[in-house]
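In our numbering, the protein residues as written are 13 to 472. C-beta: ideal position from N, C-alpha, C; glycine also.
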RNA sequence: GGCUCGGUGGUAGAGUGGUUAUACAGCGGACUGCAACUCCGUAUACAGCGGUUCGAUUCCGCUCCGAGCCUCCA
């Protein structure tokens, strides 16, 4: 079973082979911690979490790093506006980010480097770039000289000439070339800053990833991921910094997820059309959000809407109902992952929609299969769910969990079910139906079977 | 202006040079006291126009429409 991944650098799917056999290094751009994560920010987290799970099934050592950007203009602005310290902001939102992402069933990354803990390597990297003639100091800034690099622009497939033609921004006068970008900039007295050979200052945006990757993962890593909008300038500039400083490959496989749309428009902070994960979690369980994010391929835009979430919830309810039906069935562990269609789908550039379709196929089989085949089918469904980060909860709890405090209690529901059972035995069908309708109005659906009556809460 | 990427049935969403994924919703039927669950069956697609081909939703070209990046952004 070979894993294929779409590499942004080559524009094609490639067979994934780590640099060092059986060992994978992966880095994903994490949050700038100055506000709550929105659901668009959650997409790469869920996507690369799924990849992390998949990689762990076939490589014995997988190191997954996701950074925390805790020094940045936006954080400084937020501190100023809120009249708060930088640390209180970054601490608060780092904690909330972790909580929100955990709600989406994402595993903690192996490493979570903070920019402010890695200032030394950033300064060292900047020094190296100056020494090698790729960077220069001007008016207290240190800038990367883009024309000192032969193939600058390769990842985003653009040339320096193109960029000049399309320049829409006023160019700072201390730049030798309009495309030059800041490695280090002076810090105002009141802003966070660190002593450096160029005076008190702070790092430019792109520097931290290059420095931290080198520091924690090595000069060449296998996978670097993030949203599409990071391709340029962020990842392009990371490449420039790292390749010019250390030579070598820097990143072997570049992966970029498409973004979430809202009403056909990109969801973004600047457009103001964001929905925070925290808000959505008030209405939908994390697993529903996760499922919705995985219901489209990661390289396709996903139009995020209430109906997408409701479909996700309905689908998960259906799959959990299937699992409840086989609750008493043992789980057969003798399964060969490589033979599984869902596994093959995930190995084909993380084709989660196909993997989900394969789960449906298995669910359909479970209903029809003779008892002796059920343990194997159940095991396959659960294994697929484990890779996708879904279907691992207790089915009964999933289906009967109250979504709000004012919902009818389980005890009340069960009392009514008993009463209905008695009414049915007495052939008092009018009363039996009345009870069912009463429960239905409360969002509870009854399912009669030979073994008795099951119930679940619908998405009312 | 430069560089990308899309337009698939009511909705979501894969995929393929020829046997109409998948799910939800719909319709018909079985089951049921009636339902629900489950099962069986079923309708509705590949933006438009050309080209290549025995054959194109799939390849090529053009047109139309849409999105993104080029500035902080997942």
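Distance between residue j and residue i (C-alpha atoms, nearest Å)
i, j, result
"residue 368", "residue 346", "22 Å"
"residue 226", "residue 418", "53 Å"
"residue 272", "residue 111", "21 Å"
"residue 301", "residue 42", "19 Å"
"residue 332", "residue 410", "7 Å"
"residue 363", "residue 310", "8 Å"
"residue 59", "residue 16", "15 Å"
"residue 126", "residue 338", "45 Å"
"residue 249", "residue 324", "38 Å"
"residue 263", "residue 124", "19 Å"
"residue 68", "residue 360", "16 Å"
"residue 281", "residue 322", "24 Å"
"residue 398", "residue 343", "14 Å"
"residue 56", "residue 461", "43 Å"
"residue 391", "residue 74", "25 Å"
"residue 416", "residue 205", "46 Å"
"residue 144", "residue 224", "20 Å"
"residue 252", "residue 174", "17 Å"
Where residue i sits in the DSSP three-state scheme
i, result
"residue 153", "strand"
"residue 430", "helix"
"residue 249", "helix"
"residue 341", "coil"
"residue 267", "strand"
"residue 214", "strand"
"residue 133", "helix"
"residue 243", "helix"
"residue 257", "helix"
"residue 80", "strand"
"residue 189", "coil"
"residue 198", "strand"
"residue 140", "helix"
"residue 349", "helix"
"residue 172", "helix"
"residue 183", "coil"
"residue 277", "strand"
"residue 126", "strand"
"residue 396", "helix"
"residue 314", "strand"
"residue 147", "strand"
"residue 365", "helix"
Element boundaries [alpha helix (DSSP H), containing residue i]
i, result
"residue 107", "98-115"
"residue 358", "353-359"
"residue 332", "318-337"
"residue 303", "298-306"
"residue 291", "289-295"
"residue 441", "441-453"
"residue 384", "Residue 384 -> no alpha helix (DSSP H), and no H or E assigned at all."
"residue 24", "It is not in any alpha helix (DSSP H) - residue 24 instead sits in the beta strand (DSSP E) that spans 24-27."
"residue 407", "407-412"
"residue 274", "Looking at the DSSP string, residue 274 is not in any alpha helix (DSSP H); the run it does join, the beta strand (DSSP E), is 272-274."
"residue 219", "219-228"
First and last residue of the uninterrupted beta strand (DSSP E) at residue i
i, result
"residue 233", "233-239"
"residue 460", "456-461"
"residue 469", "464-469"
"residue 121", "That residue, residue 121, is in no beta strand (DSSP E); it is neither H nor E in DSSP."
"residue 86", "No beta strand (DSSP E) holds residue 86; the alpha helix (DSSP H) holding it covers 85-94."
"residue 285", "Per DSSP, residue 285 belongs to no beta strand (DSSP E) and is neither H nor E."
"residue 18", "16-19"
Beta-carbon gap between residue i and residue j smaller than 9 Å
i, j, result
"residue 234", "residue 374", "no"
"residue 36", "residue 78", "no"
"residue 260", "residue 115", "no"
"residue 98", "residue 80", "no"
"residue 286", "residue 52", "yes"
"residue 135", "residue 222", "no"
"residue 21", "residue 76", "no"
"residue 447", "residue 429", "yes"
"residue 241", "residue 191", "no"
"residue 396", "residue 355", "yes"
"residue 267", "residue 109", "no"
"residue 152", "residue 210", "yes"
"residue 63", "residue 237", "yes"
"residue 65", "residue 400", "yes"
"residue 48", "residue 295", "no"
"residue 156", "residue 193", "yes"
"residue 141", "residue 257", "yes"
Any beta strand (DSSP E) of 3 or more consecutive residues that is wholly inside the stretch 37-78:
73-78
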